[in-house]
Amino acid sequence: MRALTLLFVVAASAGCGLLPGVDDAASAEAPVSPGQDLASAQCGQPGAPACGTGHGCSVPSECASGLCEEHKCLSANAKDGAKNGDETDVDCGGKGAPSCADGKACVAGSDCASGVCGAGVCQAPSPTDGVKNGAETDVDCGGPDAPKCVAGSKCAASSDCASGACSADHVCQVAPSCTGKLGAGAHCGPNGNESCCASARVPNVGDVVTYGVPAWDMTANVSAYRLDKYEITTGRLRAFFEAMDGDPRSHFESRVGAGAGAHPHVAGSGWQSSWNRRLPSSWAQIQSRYGDPDENIGGIQYCMRGQGGQWGTTTWRAEPDANPKLEENFEVKPMVCLDWYTLFAFCAWDGGRLPTTAEWGVAAGDDRGYTYPWGNSPVAYDKAVTALNGIEAAFPNFSWGADTRFPFDRGTHIAPPGRKAPGPHGHYDLAGNVGEWMLDAYVPRSRTCDDCADISGWKTPALDWPDYEPVTYAGHPSWKDGGYRVMRGGTWEGHEIKNVQGTWDGLEVGFTYHAIGGRCARDL
Numbered sequence: 060m061r062a063l064t065l066l067f068v069v070a071a072s073a074g075c076g077l078l079p080g081v082d083d084a085a086s087a088e089a090p091v092s093p094g095q096d097l098a099s100a101q102c103g104q105p106g107a108p109a110c111g112t113g114h115g116c117s118v119p120s121e122c123a124s125g126l127c128e129e130h131k132c133l134s135a136n137a138k139d140g141a142k143n144g145d146e147t148d149v150d151c152g153g154k155g156a157p158s159c160a161d162g163k164a165c166v167a168g169s170d171c172a173s174g175v176c177g178a179g180v181c182q183a184p185s186p187t188d189g190v191k192n193g194a195e196t197d198v199d200c201g202g203p204d205a206p207k208c209v210a211g212s213k214c215a216a217s218s219d220c221a222s223g224a225c226s227a228d229h230v231c232q233v234a235p236s237c238t239g240k241l242g243a244g245a246h247c248g249p250n251g252n253e254s255c256c257a258s259a260r261v262p263n264v265g266d267v268v269t270y271g272v273p274a275w276d277m278t279a280n281v282s283a284y285r286l287d288k289y290e291i292t293t294g295r296l297r298a299f300f301e302a303m304d305g306d307p308r309s310h311f312e313s314r315v316g317a318g319a320g321a322h323p324h325v326a327g328s329g330w331q332s333s334w335n336r337r338l339p340s341s342w343a344q345i346q347s348r349y350g351d352p353d354e355n356i357g358g359i360q361y362c363m364r365g366q367g368g369q370w371g372t373t374t375w376r377a378e379p380d381a382n383p384k385l386e387e388n389f390e391v392k393p394m395v396c397l398d399w400y401t402l403f404a405f406c407a408w409d410g411g412r413l414p415t416t417a418e419w420g421v422a423a424g425d426d427r428g429y430t431y432p433w434g435n436s437p438v439a440y441d442k443a444v445t446a447l448n449g450i451e452a453a454f455p456n457f458s459w460g461a462d463t464r465f466p467f468d469r470g471t472h473i474a475p476p477g478r479k480a481p482g483p484h485g486h487y488d489l490a491g492n493v494g495e496w497m498l499d500a501y502v503p504r505s506r507t508c509d510d511c512a513d514i515s516g517w518k519t520p521a522l523d524w525p526d527y528e529p530v531t532y533a534g535h536p537s538w539k540d541g542g543y544r545v546m547r548g549g550t551w552e553g554h555e556i557k558n559v560q561g562t563w564d565g566l567e568v569g570f571t572y573h574a575i576g577g578r579c580a581r582d583l
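In the numbering used here, the protein residues as written are 60 to 583.
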């Protein structure tokens, strides 16, 4: 059987095996079949007969008719200016002639260049005909005339995709940030092979107590939405900065739009023009704000040097290569040192928004009364990336001990997204790893919330971001100007990770910290 298989491959490579569906008695020979002599199938080759109508071909000389079009030997009458043989119109259609142009007679779609035959006539390409034709890049989508393609469809350029993201292998991605590059492709999940842009549906729920502290108690009714399964990676943030040409301060609003990233049920919750000044305006500022693991001051590594900056290993590098000291690549790790404004801008550009505290709580199990996303059992190594209950981090080097190192983590403190058990609705790292910014201002509230977020505590920043030096205005650091926002989920270094309010925090809106990142919510 192996010998027969090899014979078939050799014959097919000669370029003239009979095409599927062709049955031409006038052919010089038949296609290869088990038990057939190889010599009888080598039509078109030196010393062998020319190929008959319907056989594959590379050049006209391989065909008995001397006509090779669309890699198929045509019949001798395919160019005679008359409708004959099995042609459906003059010199087109059928097995031995080229496909027919729009408006020509046909019997089946295979007779037409468009692939569509209707009422006996070849139809013009249409974005509703169920066939990939015309300038489409996939069936009924892509190109200048058809709708944009959904994720997973073939594309030629990002403009073909509804998400605005066409990968290097010409497949539409679910979000602009998933370019297919390191950390922006299939690098998340338990085995590091799932899309980092994947999201999962969170169902609508009612009567969810989201805080558990008297001054903050609130019963919430939350509509269904989607939440990113994974925390945003450094690679995805890099895609955002590249899309902004390294200057989101100048380009974000013109390319994404004022009011972008708004919650559909919270009026006034979209991007405000006054926030543009809080975004970095150059690659140099990006580098300085988010830090480089190879740069430090006095042996201490910083997110941002100056007011608002905190020591600690960062995951951002000037170039997406391996950190020589930690022997790993940070592009696949969650982006840390993220301030609230930059995260908001990223999510809006990526087709999403920030989750509200109540929405995030449902994803983490608030609707089930869970203490943790996995239930009420104590923190354990397989549940969360955090230094709690004896799961210690070696401070200040932030490296896990050999006895607790997870194989994919390469011994460092921040795990790639999704390496631990998921929450009740399929989301990972809702407890531990990195803390996550919410849409809400950090202010006490006690009422019923119907798809709400408290943005009354938002303030309009009156000052530009400081030039990354210890600068103080009016007696307080300028990075505090703009109020506080809720941070939930705990961190790798041991911050409390319970769902109740007493164990999560509110931080200054411009604060950058080595254990804070986030994820995006998406409307259904």
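For every residue, glycine included, the Cβ atom is placed at its ideal position computed from N, Cα and C.
If residue i and residue j are in contact, beta carbons under 8 Å, what's the gap, nearest whole angstrom?
{"i": "G103", "j": "E121", "result": "3 Å"}
{"i": "P186", "j": "D204", "result": "7 Å"}
{"i": "R412", "j": "C579", "result": "7 Å"}
{"i": "P476", "j": "E290", "result": "5 Å"}
{"i": "V421", "j": "V264", "result": "5 Å"}
{"i": "G491", "j": "I575", "result": "The pair is not a contact, with the Cβ atoms about 13 Å apart (cut-off 8 Å)."}
{"i": "W330", "j": "A404", "result": "7 Å"}
{"i": "S212", "j": "D409", "result": "That belief does not hold up - the Cβ atoms of S212 and D409 are roughly 19 Å apart, past 8 Å."}
{"i": "C159", "j": "A172", "result": "7 Å"}
Would you check whether the ligand GTP has a heavy atom nearer than 7 Å to the C-beta of residue i?
{"i": "C200", "result": "By its list of ligands, the structure shown contains no ligand whatsoever, and the ligand GTP lies outside what it can speak to."}
In whole angstroms, what is the alpha-carbon distance linking residue i and residue j?
{"i": "H324", "j": "P379", "result": "38 Å"}
{"i": "S134", "j": "C116", "result": "13 Å"}
{"i": "C256", "j": "R314", "result": "21 Å"}
{"i": "D199", "j": "A107", "result": "43 Å"}
{"i": "S258", "j": "G113", "result": "48 Å"}
{"i": "K138", "j": "A167", "result": "21 Å"}
{"i": "P307", "j": "G242", "result": "21 Å"}
{"i": "L583", "j": "V261", "result": "10 Å"}
{"i": "A70", "j": "D150", "result": "The predicted position of A70 is uncertain, since its pLDDT is 37 and thus under 50; a value taken from the coordinates is nonetheless stated next. A70 and D150: Cα-Cα distance of roughly 29 Å."}
{"i": "A210", "j": "Y349", "result": "31 Å"}
{"i": "H310", "j": "L402", "result": "15 Å"}
{"i": "A398", "j": "D304", "result": "The sequence shown places Asp at residue 398, rather than the Ala named in the question. Cα to Cα, the separation comes out at about 19 Å."}
{"i": "N192", "j": "N252", "result": "33 Å"}
{"i": "D509", "j": "A407", "result": "23 Å"}
{"i": "S218", "j": "C110", "result": "43 Å"}
{"i": "C208", "j": "V438", "result": "43 Å"}
{"i": "D425", "j": "P414", "result": "14 Å"}
{"i": "A216", "j": "R427", "result": "44 Å"}
{"i": "I514", "j": "C396", "result": "23 Å"}
{"i": "S254", "j": "Q344", "result": "29 Å"}
{"i": "A224", "j": "S169", "result": "33 Å"}
{"i": "D197", "j": "Y501", "result": "47 Å"}
{"i": "K240", "j": "A123", "result": "49 Å"}
{"i": "A302", "j": "A194", "result": "26 Å"}
{"i": "P105", "j": "G125", "result": "15 Å"}
{"i": "A234", "j": "E146", "result": "47 Å"}
{"i": "R336", "j": "C231", "result": "33 Å"}
Output yes or no for whether 8 Å exceeds the beta carbon distance between residue i and residue j.
{"i": "D148", "j": "K131", "result": "no"}
{"i": "S222", "j": "T238", "result": "no"}
{"i": "W334", "j": "Y400", "result": "yes"}
{"i": "G548", "j": "L489", "result": "yes"}
{"i": "V190", "j": "G201", "result": "no"}
{"i": "T416", "j": "V545", "result": "yes"}
{"i": "C165", "j": "G152", "result": "yes"}
{"i": "A319", "j": "Q346", "result": "no"}
{"i": "A317", "j": "S332", "result": "yes"}
With a threshold of 7 Å on Cβ separation, who are the neighbours of residue i within its own chain once the five nearest residues in sequence on each side are excluded?
{"i": "N435", "result": "Y429"}
{"i": "T293", "result": "G242, T374, W375, F389, E390, K392 and M394"}
{"i": "D564", "result": "M546"}
{"i": "K479", "result": "D441, K442, A443, V444, Y487 and D488"}
{"i": "N136", "result": "N143 and G144"}
{"i": "S328", "result": "A321, H322, L498, A512 and I514"}
{"i": "L338", "result": "P307, R308, F311, Y400, T401 and A404"}
Which same chain residues end up closer than 8 Å to residue i when comparing Cβ atoms and leaving out the 5 residues on each side of it in sequence?
{"i": "A283", "result": "R260, V261, P262, N263 and L583"}
{"i": "A62", "result": "Confidence at A62 is low in this model, with a pLDDT of 39, below 50, so the placement of that residue should be treated as unreliable; the coordinate-derived value is given next. There are no such residues."}
{"i": "T507", "result": "M277, T278, A279 and N280"}
{"i": "R581", "result": "S258, Y284, R285, L286, D287, G410, G411 and R412"}
{"i": "P119", "result": "G125, L126 and C127"}
So, for residue i: in the same chain, excluding its five sequence neighbours on each side, which residues have a beta-carbon less than 6 Å away from its beta-carbon?
{"i": "P157", "result": "E128 and C151"}
Inset, instruction - Determine contact between the stretch 569-576 and the stretch 241-251, defined as no fewer than three beta-carbon pairs at a distance below 8 Å. - result: Using a Cβ-Cβ distance cut-off of 8 Å, the stretch 569-576 and the stretch 241-251 are not in contact, since fewer than three pairs of beta carbons, one from each stretch, lie closer than that value.
Inset, instruction - Pair every Cβ in the stretch 481-488 with every Cβ in the stretch 295-313, then say whether three or more of these pairs are closer than 8 Å. - result: No, the stretch 481-488 is not in contact with the stretch 295-313.
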